[in-house]
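Step one of this worksheet: look at the structure below.
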Amino acid sequence: MPEYPMSPLAGQMMDQPLLISSIIAFAARHYGDSEIVSRRVEGDIHRYTYRDCERRARKLADALEHLGIRMGDRVATLAWNGYRHMELYYGVSGSGAVLHTINPRLHPEQIAYIVNHAEDQILFFDLTFLPAIEIMARSCKTVKRYVALCGREHMPRETSIPALLCYEELVEGGSEDYAWPEFDERSAASLCYTSGTTGNPKGALYSHRSTVLHAYASAMPNALNVSAADVVLPVVPMFHVNAWGLPYSVPLSGAKMVYPGAALDGKSLYELFEQEGVSFSAGVPTVWLGLINYVLENDLRFSTFRRTVIGGSSCPPAMMDTLIDRLRVQVVHAWGMTEMSPLGTACTLMGKHLQQPPEAQRAVLRKQGHAIYGVDMKIVDDDGAELPWDGATSGHLLVKGPWVVSGYFRGEGGEVLQDGWFPTGDVATIDPDGYLAITDRSKDVIKSGGEWIGSIDLENVAMAHPAVLQAACIAVPHPKWAERPLLVVVRRPGMELRREDLLAFFEGKVAKWWIPDDVVFADSLPVGGTGKIQKNKLREAYQQHRLPSA
Ligand code: AMP
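See below:
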């Protein structure tokens, strides 16, 4: 880390470290009655306030201290979105220990690898994951205690898990007199491993400072625009880059929080949205697919839901149009990554766009958006030379900022920065107004005769066809062009669609040489732990596919 020179004249403001505990302490004091509502894995709805949450988080922090947890120790969670998980967010990090949120959808071997790599001391888990933990516990060498996130009445009667504790009893045993400790804001606060499609996952280790700054910046109007008048339901899991920071940005804004637990199907989500008056939400496109289909198929409408953030993978324009035009839900398209805490850009309009016709505004909203203050970005060619912001030239995207990683946990992957910039692995254009459009992951880009074809553009066209439910475009080897695009499509149930008709649908919408060479129909697409389509799996599956043009 660089050392910066200090001016002989120091500022005279209070030197108060930016600590995660200050967020929940603020919410408890200034928005004490704002509610946190959770659907529990036990099946019922639980409700309490920020005041209750902060008190229980302090009791938890005290209990952790009695279990021998010290500053910097890692404490893991395998849990859905819920109030107990939120207490862990604050109780663990607030005490100076490091919260390690694990994605339960990973393969058990990968989870054991991550637990051992992080050297987790305690593992808290929702009862849903009891069978998985029973299998994994023997391989998790560093874990001394397991804690089931439930009350005594729901504790498993027989289990092979050693030293299993009950969460409610643990919190009950903690002292209410516990006071949040103060320490250096650059201390580690939480740890999140990348989804890692190739090789082992790598850890992004966030600090208190980076988390608080990210929470401030992401709540701003040009980003997620969270206010005390909102009711926020994060569908994005608390194990996917800290639910995009919402468990921090929502309490600092004083908004009511609604957690959906494990029930992420369209019906359960819709009912919770309506019952609790949800105004704002956030999630990956695959989640919205389920919710939108449920609402349209049952001819329903949202009565309070007005705005959602969609990110994690590209939001198909057809999905955006349905949300805005048919369901009256504004869409904020956002881009980021685990290594960026995660928010980098969010797409909201500038004043000058408001004078433009609706179609022109929509074209802006389809992009991944504008950098938020705190993030700088640039695009470069293969030799690292910076490329123009003309909205057409695409290049490798690099970022920097106080909530971007400087390296991975325990030095994995060695030196990752290039001249102080983090290479995102994404390919993008930036327009003269500073709006970013992701054309591809560099690993997914299709290299046809030395030129790049962006798979996202092709998927967006396919998804606009009324008979297409899901589409993914991948590179397939070609004897003449090196690679050509192959479209893998899931049809909408009950709808007919022929290969020729779908290919004809591309005409006039993209350059002729971009049109996919072939279409294959599948029953479903492989989806990874964070809800993204796994193109590496598709490439493996269709490596031998013989294109008609080959
Ligand atoms: P993760 O760290 O798992 O959140 O993955 C980060 C990656 O997801 C980014 O580097 C992008 O490739 C992709 N991604 C995230 N948001 C978007 C978006 N709005 N559009 C396209 N790709 C996205």
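The sequence shown begins at 209 in my numbering and counts up one residue at a time.
Don't be surprised by glycine CBs; every beta carbon is placed ideally from N, CA and C.
Q.
Measuring straight from C-alpha to C-alpha, what distance separates aspartate 590 and lysine 651?
A. Here residue 590 is taken as the residue at index 382 of the sequence shown, counted from 1. Here residue 651 is taken as the residue at index 443 of the sequence shown, counted from 1. Going by the C-alpha atoms only, they are around 14 Å apart.
Beta carbon of threonine 738 nearer than 7 Å to that of histidine 315:
Locating residue 738 in the sequence shown gives position 530, where the first residue counts as 1. Locating residue 315 in the sequence shown gives position 107, where the first residue counts as 1. The answer is no: Cβ separation not under 7 Å.
Helix or strand or just coil, what does DSSP make of phenylalanine 782? Past the boundaries of the shown model lies residue 782; the chain is included only from 209 to 758, so the question cannot be answered.
Pick out the complete beta strand (DSSP E) segments inside the region 392-472, 3 residues or longer, and give them in chain order.
396-401, 411-415, 439-442 and 464-467
**Q.** Strand pairing of arginine 649, partner residues [DSSP]
**A.** Mapped onto the sequence shown, residue 649 falls at position 441. Note: arginine 649 sits in a beta bridge opposite Asp634.
Sequence-distant residues of its chain with Cβ nearer than 8 Å to lysine 740 (five each side left out)
On the sequence shown, position 532 is the one that residue 740 refers to. Once the five neighbours on either side are set aside, the close Cβ partners of lysine 740 are Ser403, Val492, Thr494, Gly520 and Ser521.
*Taking glutamate 384 as the reference, give the member of Leu268, Arg574 and Asn430 with the closest Cα.*
On the sequence shown, residue 384 is found 176 positions in, with the first residue counted as 1. Out of Leu268, Arg574 and Asn430, Leu268 has the C-alpha closest to the C-alpha of glutamate 384.
DSSP puts glutamine 538 in a beta bridge; with which residues?
Mapped onto the sequence shown, residue 538 falls at position 330. In DSSP, glutamine 538 forms a bridge with Arg515.
- Query: Do tyrosine 258 and serine 242 have their C-beta atoms within less than 7 Å of each other?
  - Reply: The residue given as residue 258 occupies position 50 in the sequence shown. The residue given as residue 242 occupies position 34 in the sequence shown. Result yes, Cβ atoms of tyrosine 258 and serine 242 sit closer than 7 Å.
Next on the checklist: Under 8 Å: do the region 536-553 and the region 576-593 share three or more Cβ pairs, one atom per stretch?
Outcome noted: yes
key: Length at least 3, wholly inside the region 236-298: the beta strand (DSSP E) runs in chain order   = 243-247, 253-257 and 282-286
So, at 8 Å on beta carbons, what are the nonlocal neighbours of glutamate 547 in its own chain, with the 5 sequence-adjacent residues on each side left out? By one-based count along the sequence shown, residue 547 stands at place 339. Cβ within range, chain order: Thr402, Ala412, Val612, Val613, Phe630 and Thr632.
Give the DSSP-derived three-state secondary structure of arginine 692 in the structure shown.
Along the sequence shown, read from residue 1 onward, the residue named residue 692 stands at position 484. DSSP places arginine 692 in strand when its eight states are reduced to three.
Inter-residue Cα distance where the pair is isoleucine 646 and leucine 275 = Within the sequence shown, residue 646 is the residue found at index 438, counting from 1. Within the sequence shown, residue 275 is the residue found at index 67, counting from 1. Cα to Cα, the separation comes out at about 46 Å.
query: Straight-line CA distance for alanine 568 to leucine 562?
result: Within the sequence shown, numbered from 1, the residue matching residue 568 stands at position 360. Within the sequence shown, numbered from 1, the residue matching residue 562 stands at position 354. Computed Cα separation, rounded: 10 Å.
Q: Assuming threonine 336 and valine 249 form a contact by the criterion Cβ under 8 Å, report the distance between their Cβ atoms to the nearest whole angstrom.
A: Taking the sequence shown and counting its residues from 1, one reaches residue 336 at position 128. Taking the sequence shown and counting its residues from 1, one reaches residue 249 at position 41. Correct: roughly 5 Å between the Cβ atoms.
**Asked** Where does alanine 397 land, buried or exposed, given buried means 16+ other C-beta within 10 angstroms?
**Response** As a first step, residue 397 must be located in the sequence shown, where it is residue number 189. It counts as buried.
### Query
Applying the criterion that 16 or more other CB atoms from any shown protein chain within 10 Å of the CB defines a buried residue, is serine 489 buried or exposed?
As a first step, residue 489 is located in the sequence shown; it is residue number 281 there, counting from the start. Label assigned to serine 489: buried.
Check: For valine 323, which of helix, strand or coil comes out of DSSP?
Finding: Residue numbering aside, residue 323 sits at position 115 when the sequence shown is read from its first letter. Helix, per DSSP.
Is glycine 615 near ligand 1, with its Cβ less than 6 Å from a heavy atom?
Numbered from 1 along the sequence shown, position 407 holds the residue referred to as residue 615. False, no ligand heavy atom lies under 6 Å from that Cβ.
Less than 7 Å separating the beta-carbons of isoleucine 322 and alanine 305? Within the sequence shown, numbered from 1, the residue matching residue 322 stands at position 114. Within the sequence shown, numbered from 1, the residue matching residue 305 stands at position 97. Not in contact: isoleucine 322 and alanine 305 (Cβ atoms no closer than 7 Å).
**Request:** Whole angstroms is fine: what's the gap from arginine 754's alpha carbon to lysine 745's?
**Result:** In the sequence shown, counting from the first residue as 1, residue 754 sits at position 546. In the sequence shown, counting from the first residue as 1, residue 745 sits at position 537. Cα-Cα distance, rounded: 17 Å.
**Contact belief for alanine 730 with valine 684 at Cβ below 8 Å, rounded distance in angstroms** = Position 522 of the sequence shown, counted from the start, is the residue given in the question as residue 730. Position 476 of the sequence shown, counted from the start, is the residue given in the question as residue 684. Wrong, their Cβ atoms sit about 15 Å apart, outside the cutoff.
Any idea if serine 215 is buried or exposed, counting beta-carbon neighbours within 10 angstroms, 16 or more meaning buried? Sequence index remark: in the sequence shown, residue 215 carries index 7 (1-based). Classification of serine 215: exposed, given that the 10 Å Cβ count is below 16.
Quiz item: According to the Cβ coordinates, are glycine 201 and alanine 271 closer than 7 Å?
Solution: This structure does not reach residue 201, given that the chain is present from 209 up to 758, and the question cannot be answered.
- Query: For phenylalanine 333, which residues of its own chain have a beta-carbon under 6 Å away from its beta-carbon, when the five flanking residues on both sides are left out?
  - Reply: Position 125 of the sequence shown holds residue 333. So the list reads Leu286 and Ile341, once near-sequence residues are dropped.
Whole-angstrom C-beta distance between isoleucine 682 and arginine 747, which should lie under 8 Å | Locating residue 747 in the sequence shown gives position 539, where the first residue counts as 1. Locating residue 682 in the sequence shown gives position 474, where the first residue counts as 1. 5 Å between Cβ atoms; contact.
message = Can you find the residues in the same chain that come closer than 7 Å, C-beta to C-beta, to arginine 292, ignoring five residues on each side of it along the sequence?
response = By 1-based counting over the sequence shown, the position of residue 292 is 84. Taken in chain order, the residues that qualify are Leu357 and Tyr375.
For proline 455 and tyrosine 297, I'd like the C-alpha separation in whole angstroms. By 1-based counting over the sequence shown, the position of residue 455 is 247. By 1-based counting over the sequence shown, the position of residue 297 is 89. When rounded, the distance between both Cα atoms is 8 Å.
TODO: State the DSSP-derived secondary structure class of glutamate 685, mapped to helix, strand or coil.
DONE: Your numbering for residue 685 matches position 477 in the sequence shown. Residue identity differs from the one stated: residue 685 is proline in this sequence, not glutamate. Correct three-state label for proline 685: strand.
Review point. Cα separation between isoleucine 244 and valine 486?
Key: Walking along the sequence shown from the start, residue 244 turns up at place 36. Walking along the sequence shown from the start, residue 486 turns up at place 278. Rounded to whole angstroms, isoleucine 244 to valine 486 spans 12 Å at the Cα level.
- prompt: Which of the three DSSP states, helix, strand or coil, is assigned to alanine 680?
  reply: Along the sequence shown, one-based indexing puts residue 680 at 472. It is a strand residue.
Which residue wins for smallest C-alpha separation from serine 368, given the options Leu733, Met344 and Gly702? For the purposes of this step, residue 368 is taken as residue 160 along the sequence shown, with counting starting at 1. The residue with the shortest Cα to Cα distance from serine 368 is Met344.
Check: tryptophan 452 C-beta below 6 Å from any heavy atom of ligand 1 = Walking along the sequence shown from the start, residue 452 turns up at place 244. Tryptophan 452: no, Cβ never under 6 Å from ligand 1.
Can you determine whether any heavy atom of ligand 1 sits closer than 6 Å to the C-beta of serine 782, and answer yes or no?
Residue 782 cannot be examined here, being either before or after the span of the chain that is shown, 209 to 758.
Should arginine 570 be flagged as near chain B, meaning a C-beta pair shorter than 7 Å?
-> Here chain B cannot be found, since the structure has a single protein chain.
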